[in-house]
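Asker:
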Amino acid sequence: MADFTNLQELNIDDEISSVINFLNNRFLTRTKVMQNYNFHVIHHLLFSGDQDAR
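Quick note: the sequence shown, position 6, residue 9 per the working numbering, numbers continuous.
1) Taking only three categories from DSSP, how would you classify D17?
2) Would a check of beta-carbon distances place D17 closer than 8 Å to chain C?
3) Quick check on the burial criterion: 16 or more other C-beta atoms within 10 angstroms. Buried or exposed for R57?
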């Protein structure tokens, strides 16, 4: 999963960052293990097609 802990660095305005924080808190588990697992699963789904083409 994308890491939204450094929203200020991304210059996202407060309204958008509060929405992102709400979604994170509402729908995503807060454990790092699960966030890393989700990131790798999504990364694999997004890029597995590219790897097959090589």
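Beta carbons are placed, not taken as given, at the ideal position from N, Cα and C, and that holds for glycine.
Answerer: Taking the definition as stated:
1) The answer is helix: DSSP assigns D17 an H, G or I state.
2) Looking at the structure shown, chain C is missing, and only one protein chain is on hand.
3) The predicted model places R57 with a pLDDT of 47, which falls under 50 and marks its position as unreliable, so this point remains unresolved.
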